[in-house]
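Line by line, the protein sequences give chains A and B. For what it's worth, this note's numbering labels the leading residue of the first sequence as 1, then goes sequentially. For what it's worth, this note's numbering labels the leading residue of the second sequence as 630, then goes sequentially. Notes follow the structure.
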Amino acid sequence: MLIRGPVETRIKAVTMMKEIILLFLLFYMACGNTSFGPPGKPTLTNCRSPEKETFTCWWKPGSDGGLPTIYALFYLKDNSDTLYECPDYHTAGKNSCFFNKNETSVWVNYNITVVATNQIGRTFSDPVDVDVAYIVQPHTPENVTVNVMENKGWPFLRVSWESPHKADIRSGWITLVYELRSRMEGEVEWEEHFPGQQKTFNIFSIRSGSSYLLQVRCKPDHGFWSEWSSTTKIKVPEYFFGERYLWILIAVFSSLVFLILAWILYMNSRSLKNCILPPVPGPKIKGFDHQSLKNGSHKDSFNSLMIPEIPPNSSSNYEDLLVEYLEVFISGDQELSMEEGKDMQDFKSESSTCDSDSGRGSCDSQTLLTDKCKEVNKDELNKNCKETLEISHRGGLIYEDSTDTCNERVKTWPCLPQYASSHVPQMSSLKMVKQHCLSDTLLAHGSLSSNAHKHNESFTSTYWDFSLSNKQPSQIHPQTSKHLQAHSDINICKLTNEIHTTFKPIQYVEVQTVNEEGMVLLQPVESVQSQAEGCPHAHHREDYSKVKGVRNGNTLLLERGVTVTEGGMDWCVCDKMETSSNKERDYMSANTLKHQDASMKTFTMPFQEQKPPTANGYVDTAMMFSVSM
Amino acid sequence: IWVNTSVQAGVKSRTVGRWVVLLWPLLLIKCVPLDCQDEQSCPSISQEKLLDRVIQHAELIYRVSEDSCTLFEEMFVPFPLRLQSNQAGYACITKALPIPSSRSEIQQISDQYLLHSVLMLVRSWIEPLVYLQTTLERYDNAPDLLLNKTKWLSEKLLSLEQGVLVLITKMLNEGMVSTSYSDPSLVQYDMQLDMLESIMRDYTLFNCFKKDAHKMEAFLKLLKCRQTNNCA
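Structure below.
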């Protein structure tokens with residue numbers, strides 16, 4: 001290097017002394033070693049001061065050249081010419097020089113050189129300028145302690161340490177800043193924290209149940225970082241305190257949700273079942289009887305499907321189709337009142353072969369109906385489903401209902417009369433029976449018997465069926481508010497028992513009056529009885545026994561043979577039938593049934609006098625048909 | 630050795646750059662000291678806060694001076710000369726000042742002496758920094774960063790002087806000290822030197838300033854710990 005002058009000479013003087021000593025040593029050493037050489041050049045590795053009060057320098061020796069080498073360190077202070085040698089070669093170890101407090105000056109530039117000397121020569125190292133203020137590297141922080149603390153149920157680590165004991169922080173000679181690093185056991189990367197000049201630090205980002213490793217180091221404000229302290233290990237215990245409430249809450253909530261779901265499922269189990277497993281619709285044919293099919297009787301089950309118009313192939317007689325007598329509907333509180341609709345329904349339900357679709361109101365109707373007739377049925381005025389008794393084209397009166405609606409009136413079951421007369425044909429069955437239910441109670445005037453008359457009030461079973469020629473719905477009596485149809489079914493059932501015993505010829509029945517209750521009072525023509533209303537003009541005599549024709553194939557037109565003694569409009573209060581043929585009046589209702597059409601009225605008339613009394617209120621079908629057809 | 634030191638210089642330049650990036654707003658700060666004739670017109674500040682701010686000032690000055698020195702060294706000083714900052718011919722200008730330099734001595738001096746020492750140091754560097762600014766402009770490729778830093782240093786030094794003066798007034802209850810410690814004889818600049826010598830002289834100046842800045846900071850921190858009685 002450039003300037004060496006005084007230093008080198010001094011060093012040379014000192015080394016001369018040492019060389020002399022070495023020469024003496026060499027004399028006693030065996031010769032023959034030709035690989036000797038001057039020592040290699042040493043190098044100063046570093047100088048460090050732990051507390052800015054002392055410092056140490058280390059050097060690395062070069063090759064020794066095969067001979068024992070002595071190293072010496074010399075230094076100059078701050079451009080002064082005084083050469084100093086290292087005071088202490090041993091305290092800091094080998095190849096080191098330790099400067100104690102008295103020899104250390106801060107903010108003073110030290111020029112340090114190391115010399116290696118051996119027997120052959122000496123070698124100087126490169127000088128290094130050292131300023132103590134810039135080479136401060138403290139010791140590691142001491143007494144690192146870790147504690148697990150708790151903050152509202154959550155654990156955290158509190159790390160505390162102390163400064164290296166030699167560093168004078170109290171006077172402010174050195175100000176240290178610290179660095180802390182931590183990692184979980186098993187991980188590789190450290191997490192670094194900077195507490196600054198503090199000596200404690202809290203780590204919150206820890207997991208309960210795992211153990212952590214911690215290290216601390218420090219640095220002066222202008223200097224080097226110290227080494228990391230020895231690892232401190234801490235195990236964080238399992239902490240459920242903070243998490244316990246959370247788990248409880250989660251458990252409760254999930255159980256609630258589960259219960260609610262189960263409840264919903266339970267409530268909708270059926271619909272769900274239908275949704276997931278929809279029921280397979282089976283075939284359903286009206287009138288089809290599965291049971292009989294299952295029983296193996298195919299014919300029976302298929303028979304029930306047959307349309308009644310189709311004449312069955314076997315067995316049944318054609319004559320069976322004939323309706324030989326009419327069914328009488330009786331409504332009211334009669335002993336002989338017909339079956340109610342309810343009974344009919346029951347009746348229907350009982351018999352498997354009967355169903356309403358076929359129109360057979362009565363299956364095996366003759367016997368069955370009579371059985372029913374004998375029953376005492378209370379009159380139920382509530383039901384009123386009209387059914388027309390359809391009589392086959394062969395004969396039979398056909399009740400035609402002008403309205404098909406079901407009035408809430410009495411549904412009476414036609415009660416077939418039992419006639420002792422032999423003229424009563426065997427009626428096997430009525431094919432189509434539709435029940436007429438009177439809209440209101442119609443009194444069946446006891447035309448046939450005085451006894452019956454007594455029961456007029458309660459008789460509702462005599463119906464006059466007035467079917468309008470024009471099919472207009474007749475006005476309904478306000479009281480009744482329904483369309484009343486009077487069936488000319490004379491109160492047969494009522495008289496059934498009586499007929500059995502006493503067979504009276506049928507008289508003409510004429511509607512005498514209709515009282516306020518809408519009951520049509522019928523009286524036989526012969527009798528001049530008059531009702532309470534009393535009609536002075538009620539002496540008309542009318543014959544309704546003439547069959548005029550059949551209308552529509554199912555309506556029998558009975559002509560009224562008018563033998564009106566009085567003409568003109570004579571509107572009795574008690575609606576008499578004796579009005580002129582021009583009068584259109586439906587005497588079904590009390591007063592106000594009006595007919596617009598002409599005189600054609602169809603009645604299911606009582607029998608003519610001339611006719612052989614077949615039955616009470618029944619028209620001889622044979623005669624009728626002979627007329628019509 | 631050449632490679633090692635160049636890498637080291639590279640690292641140093643990176644640190645310098647980092648500090649520059651961090652501290653660039655400070656370069657924009659221009660502090661104008663208040664003219665306080667009496668305490669009522671000026672907003673007052675507590676002694677502790679003032680001392681803290683003065684210490685921060687000193688820290689900043691030291692850091693910037695360290696960066697400037699490194700910049701200059703990399704830019705101008707030839708590599709072989711870098712390790713020898715104190716040449717025989719160029720001692721630090723403040724060497725003659727009666728400032729203790731050993732810890733034992735420093736521990737023994739009083740607060741008053743500490744503060745006055747700081748003031749001496751500050752005042753002795755005001756002019757050399759101005760000179761440094763001029764000399765840097767003489768060089769052909771002086772980086773602007775170095776020029777700015779040097780300028781900033783001279784400015785900050787003035788504000789530091791003001792702070793120390795206020796501290797002296799407050800802490801030591803002394804009157805305003807107006808005498809200047811700067812000795813014109815200390816600054817002897819020969820403009821006839823060749824380039825290398827000029828560089829070395831400036832290099833020495835930078836180094837000496839850096840050292841004195843560190844000294845100022847240390848003194849002030851010592852003073853602070855003496856005031857608070859507890860720095861542990």
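Cβ atoms here follow ideal geometry from the backbone N, Cα and C, with glycine treated the same way.
For residue i, the residue or residues it bridges with in DSSP
| i | result |
| --- | --- |
| lysine 286 of chain A | In the DSSP output, where bridge partners are listed per residue, lysine 286 of chain A has none listed. |
| threonine 123 of chain A | A:Ala116 |
| isoleucine 70 of chain A | A:Thr117 |
| proline 281 of chain A | According to DSSP, proline 281 of chain A bridges with nothing at all. |
Chain-ordered neighbours of residue i on chain A, where CB pairs are closer than 9 Å
| i | result |
| --- | --- |
| arginine 752 of chain B | None at all; the shortest Cβ gap to chain A is about 18 Å. |
| alanine 720 of chain B | Asp78, Asn79 |
Under 8 Å by beta carbon: chain B residues contacting residue i
| i | result |
| --- | --- |
| valine 108 of chain A | Ser730 |
| arginine 170 of chain A | Cys854, Asn859, Cys860, Ala861 |
| serine 63 of chain A | Those do not exist, as serine 63 of chain A stays about 17 Å from chain B at its closest Cβ, beyond 8 Å. |
| glutamate 53 of chain A | Arg732 |
| serine 105 of chain A | Ser730, Ser731 |
| histidine 139 of chain A | Within 8 Å Cβ-Cβ: nothing; histidine 139 of chain A doesn't reach chain B, min ~16 Å. |
Cα-Cα separation, residue i to residue j
| i | j | result |
| --- | --- | --- |
| valine 60 of chain A | proline 42 of chain A | Just to set this straight, residue 60 of chain A is lysine in the shown sequence, not valine. So the alpha carbons of these two residues sit roughly 5 Å apart. |
| valine 252 of chain A | tyrosine 239 of chain A | 21 Å |
| aspartate 221 of chain A | valine 177 of chain A | 7 Å |
| alanine 13 of chain A | serine 63 of chain A | 23 Å |
| glutamine 741 of chain B | aspartate 126 of chain A | 42 Å |
| leucine 775 of chain B | glutamate 19 of chain A | 51 Å |
| lysine 77 of chain A | asparagine 100 of chain A | 15 Å |
| methionine 149 of chain A | histidine 165 of chain A | 27 Å |
| histidine 90 of chain A | arginine 181 of chain A | 35 Å |
| isoleucine 11 of chain A | proline 87 of chain A | 15 Å |
| asparagine 147 of chain A | phenylalanine 194 of chain A | 18 Å |
| valine 280 of chain A | leucine 256 of chain A | 36 Å |
| methionine 829 of chain B | valine 108 of chain A | 19 Å |
| histidine 941 of chain B | leucine 789 of chain B | The first residue shown for chain B is 630 and the last is 861, placing residue 941 of chain B beyond what the model contains. |
| serine 230 of chain A | leucine 214 of chain A | 8 Å |
| glutamine 119 of chain A | glutamate 703 of chain B | 41 Å |
Residue i, DSSP secondary structure in three states
| i | result |
| --- | --- |
| cysteine 854 of chain B | helix |
| asparagine 202 of chain A | strand |
| aspartate 88 of chain A | strand |
| arginine 10 of chain A | helix |
| arginine 711 of chain B | coil |
| arginine 183 of chain A | strand |
| arginine 830 of chain B | helix |
| histidine 193 of chain A | strand |
| glutamate 19 of chain A | helix |
| alanine 847 of chain B | helix |
| valine 136 of chain A | strand |
| valine 128 of chain A | strand |
| asparagine 102 of chain A | coil |
Start-to-end residues for the alpha helix (DSSP H) that takes in residue i
| i | result |
| --- | --- |
| glutamate 688 of chain B | 676–705 |
| glutamate 783 of chain B | First, the amino acid is wrong: residue 783 of chain B is serine here, not glutamate. Its alpha helix (DSSP H) spans residues 773–801. |
| cysteine 860 of chain B | Note, cysteine 860 of chain B: premise wrong, no alpha helix (DSSP H); not H, not E. |
| glutamate 756 of chain B | 755–767 |
| arginine 732 of chain B | 732–737 |
| leucine 822 of chain B | Leucine 822 of chain B -> no alpha helix (DSSP H), and no H or E assigned at all. |
| cysteine 275 of chain A | 269–276 |
Contacts of residue i in chain B (Cβ-Cβ under 9 Å)
| i | result |
| --- | --- |
| alanine 116 of chain A | The contacting residues do not exist; alanine 116 of chain A stays about 18 Å from chain B at best. |
| alanine 133 of chain A | Lys840, His843, Lys844, Ala847 |
Neighbouring residues, chain B, relative to residue i (Cβ below 7 Å)
| i | result |
| --- | --- |
| tryptophan 173 of chain A | Arg732, Leu851 |
| aspartate 88 of chain A | By Cβ distance, chain B contributes nothing, its closest Cβ being about 18 Å from aspartate 88 of chain A, past 7 Å. |
Host beta strand (DSSP E) of residue i (start-end)
| i | result |
| --- | --- |
| glutamate 85 of chain A | 83–85 |
| valine 236 of chain A | Where valine 236 of chain A is concerned, there is no enclosing beta strand (DSSP E), given that its DSSP letter is neither H nor E. |
| valine 144 of chain A | 142–151 |
| lysine 219 of chain A | 211–220 |
| cysteine 97 of chain A | 96–99 |
| asparagine 46 of chain A | 43–48 |
| leucine 157 of chain A | 154–162 |
Partner residues on chain E for residue i, Cβ-Cβ distance less than 9 Å
| i | result |
| --- | --- |
| lysine 785 of chain B | Protein chains in the displayed structure are A and B, and chain E is not among them. |
Chain-ordered chain A contacts of residue i [CB-CB under 8 Å]
| i | result |
| --- | --- |
| lysine 778 of chain B | The premise fails here: lysine 778 of chain B is roughly 17 Å from chain A at the closest Cβ pair, so nothing lies under 8 Å. |
Under 7 Å from the C-beta of residue i: neighbouring residues of chain A
| i | result |
| --- | --- |
| glutamine 762 of chain B | Those do not exist, as glutamine 762 of chain B stays about 25 Å from chain A at its closest Cβ, beyond 7 Å. |
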